[in-house]
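Chains as they are written, first to last, in the working numbering: chain A, 1 to 344; chain B, 1001 to 1344. Presented below is the structure to which this report refers.
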DNA sequence: ACAATTTAAGAAACCGGTTTCCTTTCAAAT
DNA sequence: ATTTGAAAGGAAACCGGTTTCTTAAATTGT
């Protein structure tokens, strides 16, 4: 249906080769011919078929983005950032969600490779460091967004989780809390190891010995999981007076538990999250949270990835990977105990 | 790098044609040859290159999904639903967001067509009915998810907005409210015309004349826009005692305004939203909302689209479009004035 | 015993681009 | 006057699949 390069060539009375050369500026074309081709192009409304182009050039101008769950606002922000820079640089995103299942993840990676994506950005990986490295060695350009695989030899952009956790816990300590619980995700994810570590370190530096009873690492990370964890902690004989939740979603769940048990936030329970998703602003209690900015991570990750793709295009060199670590800040709202105009 | 069909053919000692026939089961292949090819395939780890396949078959097994803003949880849910059925039927999603700009939308459609998507699902259209119809006539399979273009000749799945709005407003009326304001999106979007209409009708049916002062149609639909609208309404000489917000995002913004002005929800202001996004469960005041289920719309839209694509593949017939209209329900939480166990 | 089918497999064209060669023309350089 | 090389453009191969056509052998029918 749509016009092809052959149609254009015919209309302009030249060969396909010449049209291609003109379009890409890769070879001498006389002024006169240029004009004829240009007018044929606009008359036919010709636009190159990217699929054919991709086959020939082995470049699809498409990037795969793998997230765990689109419903999680943290990922939504990250996707937003990614989409923004992808679009601005002429790429489109193939989106897929794993729901945290390693199997789905493997099949997604296959599907993406079959589609010849120029690169894959993982905002969720259950793949082992080794597997990711293998992928990269196999020529697939990879970037990790907000995921830390210490031994994977690929670009990453991440937030300093240890520091972020300490920021959160120290703030709660400044509010006078001593019984500060931790609720986080699976320890198989480096991020949560770090956040847990930050929690422990901050407590110890303040002379508080972390209680194992107050340390919860969950398999799922949705609001429901946070809710269950919240119930569990609040019903303890010695319930914490504050909780550091390693993701905002978990924090929201904890809020729901408080709401149900009629515990006021922040007075009866102070809460600090991690991610600073936009909704924290209008959550049950406006959520104080460590800002790792998913948006920025999405942007930076795609910049890194596209830079690498295009650099490699020009000069296929094995150059070093970059690890971009963003410094977290604390986004103070009210769930920690601060009130507007009276932050600690 | 990856094995091609030629490699497989060579390894199995047959021609490409035979391999292709075996893989697709489109022609006789002897048992013995089948086995040789199968073993070559598994030894080489061969997987067909979808780009090449797409060029030849003019099918990419890729579907474009156009949304306004991924950060909006309504779209996030819709995307989730869409991704789920796309994946289960062997398609992947090309995601793009328009930010509500018609220009971006046009360029996105072009980009998608160049990439030979098998179809496009619009969860956001600023395109006119006519343009969408033209697209469809031009051979692009189209579905509208949660968007109503009355005159477009394409499949659509949408929620009955008039009915949904009436559900919301009637509920507020049952709570005894008379001064019920409306805050919605641009009237260029059919949906908001309908929701506004539902608001008016419900009021009139209850013998209340809608006040123009209490009727706000906004250009943007983010939390910030809702916040501004909330401030405006609350500062009126005769402020409403209840507000029906045509999207949850707007409702969240209104909550923020209430919070700032120290108006308690639902006691000083009752609020009902539209979309029933999951986050409403843990918003400042748990949000009562009309459930149009973005998730289900995303699912259904993709089912419709894929069905059409595959039907058309077998027998290119111009058959009638379907309009699937989902019945809204009211998801009652607390912002309307109901309390748990004591719903009206 | 011979025509008609069925079964099996390969050659070549095609999808829509890009790229490598190759040829021709014409101006500048020796 | 001849060589050199830049400018311009086309033919054909290629990317990795699918499909149409042919051909040939094996099976069936009469």
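Yeah, the Cβ is synthetic: ideal placement off N, Cα and C, and Gly gets one too.
Alpha-carbon to alpha-carbon, residue j and residue i
i, j, result
"residue 254 of chain A", "residue 229 of chain A", "7 angstroms"
"residue 1018 of chain B", "residue 1005 of chain B", "10 angstroms"
"residue 1299 of chain B", "residue 1121 of chain B", "11 angstroms"
"residue 262 of chain A", "residue 1287 of chain B", "18 angstroms"
"residue 1217 of chain B", "residue 78 of chain A", "30 angstroms"
"residue 1075 of chain B", "residue 1024 of chain B", "37 angstroms"
"residue 1235 of chain B", "residue 1213 of chain B", "12 angstroms"
"residue 1134 of chain B", "residue 1210 of chain B", "39 angstroms"
"residue 1130 of chain B", "residue 1153 of chain B", "9 angstroms"
"residue 1192 of chain B", "residue 1308 of chain B", "28 angstroms"
"residue 182 of chain A", "residue 340 of chain A", "25 angstroms"
"residue 1311 of chain B", "residue 83 of chain A", "32 angstroms"
"residue 1322 of chain B", "residue 1313 of chain B", "18 angstroms"
"residue 1275 of chain B", "residue 1226 of chain B", "15 angstroms"
"residue 48 of chain A", "residue 325 of chain A", "39 angstroms"
"residue 306 of chain A", "residue 1054 of chain B", "24 angstroms"
"residue 1331 of chain B", "residue 248 of chain A", "24 angstroms"
"residue 104 of chain A", "residue 98 of chain A", "5 angstroms"
"residue 106 of chain A", "residue 1188 of chain B", "43 angstroms"
"residue 1337 of chain B", "residue 284 of chain A", "16 angstroms"
"residue 233 of chain A", "residue 1040 of chain B", "57 angstroms"
"residue 1052 of chain B", "residue 1184 of chain B", "47 angstroms"
"residue 1296 of chain B", "residue 1304 of chain B", "12 angstroms"
"residue 112 of chain A", "residue 119 of chain A", "9 angstroms"
"residue 342 of chain A", "residue 268 of chain A", "19 angstroms"
"residue 1038 of chain B", "residue 137 of chain A", "27 angstroms"
"residue 171 of chain A", "residue 215 of chain A", "18 angstroms"
Check whether residue i and residue j have beta carbons under 9 angstroms apart
i, j, result
"residue 1302 of chain B", "residue 1050 of chain B", "no"
"residue 1222 of chain B", "residue 1110 of chain B", "no"
"residue 117 of chain A", "residue 140 of chain A", "yes"
"residue 1273 of chain B", "residue 1159 of chain B", "no"
"residue 1044 of chain B", "residue 1014 of chain B", "no"
"residue 93 of chain A", "residue 1094 of chain B", "yes"
"residue 1003 of chain B", "residue 1036 of chain B", "no"
"residue 1067 of chain B", "residue 1124 of chain B", "yes"
"residue 290 of chain A", "residue 328 of chain A", "yes"
"residue 244 of chain A", "residue 279 of chain A", "no"
"residue 1073 of chain B", "residue 81 of chain A", "no"
"residue 1126 of chain B", "residue 1062 of chain B", "no"
Identity of the residues DSSP links to residue i by a beta bridge
i, result
"residue 1330 of chain B", "B:1290"
"residue 345 of chain A", "Outside the shown range of chain A (1 to 344) lies residue 345 of chain A, about which nothing can therefore be said."
"residue 235 of chain A", "DSSP, once it has assigned bridges, lists no residue as partnering residue 235 of chain A."
"residue 1274 of chain B", "B:1290"
"residue 121 of chain A", "A:65, A:143"
"residue 15 of chain A", "For residue 15 of chain A, which the question treats as bridged, DSSP gives no partner whatsoever."
"residue 203 of chain A", "For residue 203 of chain A, which the question treats as bridged, DSSP gives no partner whatsoever."
Assigned secondary structure, residue i (DSSP; H/G/I helix, E/B strand, else coil)
i, result
"residue 243 of chain A", "strand"
"residue 1370 of chain B", "Shown here, chain B extends from 1001 to 1344; a query on residue 1370 of chain B therefore has no answer."
"residue 1183 of chain B", "strand"
"residue 1256 of chain B", "helix"
"residue 64 of chain A", "strand"
"residue 1079 of chain B", "helix"
"residue 88 of chain A", "helix"
"residue 1152 of chain B", "coil"
"residue 2 of chain A", "coil"
"residue 1047 of chain B", "coil"
"residue 1095 of chain B", "strand"
"residue 215 of chain A", "strand"
"residue 1285 of chain B", "coil"
"residue 269 of chain A", "coil"
"residue 1344 of chain B", "coil"
"residue 1112 of chain B", "helix"
"residue 1224 of chain B", "helix"
"residue 1209 of chain B", "coil"
Note to self: Does the segment 194-213 of chain A come into contact with the segment 1245-1263 of chain B, if we say contact requires no fewer than three beta-carbon pairs (one atom in each stretch) closer than 8 angstroms?
What the structure shows: no
Notebook entry, point to check: Is the segment 1167-1183 of chain B touching the segment 1130-1149 of chain B, taking contact as three or more C-beta pairs under 8 angstroms?
Noted result: no
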